[in-house]
Amino acid sequence: VSSTVEALEGMDVSSLQAILATGFSHANREVIRYAATTPCCLGMGTTLVAALMNGEGAGVVGNVGDSRAYLFGEGTVRITRDHSRVQEMVDQGLISQEQAGNHPLRHIVTRIIGRTDDIPDFFPFRLKDDLLVLCSDGLVDGVSEGELQSLAGRHGSPDICERLVEYARGRSRDNITIVAAGRRRGLAFHGDCILA
10 VSSTVEALEG MDVSSLQAIL ATGFSHANRE VIRYAATTPC CLGMGTTLVA
60 ALMNGEGAGV VGNVGDSRAY LFGEGTVRIT RDHSRVQEMV DQGLISQEQA
110 GNHPLRHIVT RIIGRTDDIP DFFPFRLKDD LLVLCSDGLV DGVSEGELQS
160 LAGRHGSPDI CERLVEYARG RSRDNITIVA AGRRRGLAFH GDCILA
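Going by the working numbering, 77 is the number at position 68 of the sequence shown; the sequence numbering is gapless.
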């Protein structure tokens with residue numbers, strides 16, 4: 010593990026993206042293979058968000074579906090863009106971003122891991138004195154981006170994932186998965202939490 014971390018620390022963003030793309034392709038093939046050999050799982054799919062970062066804090070996030078990545082620092086920066094019907098409606102000017110959060114079609118995704126033609130989008134980022142949060146849609150289902158910013162600002166520490174899940178638990182009907190990595194005042198940390 011340590012040699013893998015050391016190798017990643019010295020890579021540029023384009024190399025990190027190539028590794029991430031390979032990981033997405035492998036996950037997609039495995040889900041398709043499993044669904045094809047398991048009759049009860051025919052047509053299954055999932056969303057995916059993942060990130061790789063080098064030792065300088067430069068990295069890349071990939072996503073398929075409506076799992077998201079955020080940078081919390083001086084403000085909130087949503088790194089990813091949802092692959093969903095409501096995001097398409099927002100892009101077309103049919104509804105506002107605020108309306109999208111409560112729209113009845115908000116859980117209809119347009120790309121998934123598990124279909125041969127769905128490809129991820131990749132987004133570069135730089136982690137300075139920030140917190141990178143990768144999360145399933147269960148976190149943002151009942152918690153606004155403003156609330157996330159407030160919580161991330163107050164709890165920018167290794168227990169941030171547990172605190173976000175605790176806050177979102179009563180507001181979301183979906184499962185919640187969170188992974189966070191951060192640098193605050195020169196200290197690096199990470200955390201993860203899953204609530205099924």
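Cβ atoms here follow ideal geometry from the backbone N, Cα and C, with glycine treated the same way.
From a predicted model like this one, the values you see are computed outputs, not experimental measurements.
Restricting attention to I41, I88, E107, F81, the CA atom closest to the CA of G52 is found in I41. I169 is positioned such that its CB atom lies no closer than 7 Å to that of A177.
By the C-beta density criterion, Q106 is exposed, having fewer than 16 other C-beta atoms within 10 angstroms. Burial of G68 is indicated by the presence of at least 16 other C-beta atoms within 10 angstroms of its C-beta.
Residue environment analysis places A190 among the buried positions, since at least 16 neighbouring C-beta atoms fall within 10 angstroms of its C-beta. Taken in chain order, the complete beta strand (DSSP E) segments of 3 or more residues contained in the stretch 29–73 are 57–62, 67–73. The beta-carbon separation of L143 and R192, rounded to 16 Å, does not stay under the 8 Å limit for a contact. By the C-beta criterion, the stretch 97–105 is judged not to be in contact with the stretch 76–84, since fewer than 3 inter-stretch pairs fall below 8 Å. Around the CB of G82, 16 or more other CB atoms lie within 10 Å, so the residue is classed as buried. According to DSSP, C170 shares a beta bridge with no other residue.
Between P133 and V58, the CB-CB gap reaches or exceeds 7 Å. Checking the DSSP bridge columns, you'll see R135 partnered with A67. Cα atoms of L141 and E65: separation of roughly 14 Å, rounded to the nearest angstrom.
For V14, there is no enclosing beta strand (DSSP E); the enclosing alpha helix (DSSP H) has its first and last residue at 11–18. Between D126 and the set C50, S24, N37, A45, the nearest pair of CA atoms involves N37.
At the C-beta level, I122 and G54 come within 7 Å of one another. The three-state secondary structure of D130, taken from DSSP, is strand. Nearest to F131 by C-alpha distance, out of V152, R124, A109, H92, is H92. The shortest C-alpha to C-alpha distance from V149 to any of R115, P48, A16, Q101 is the one to R115.
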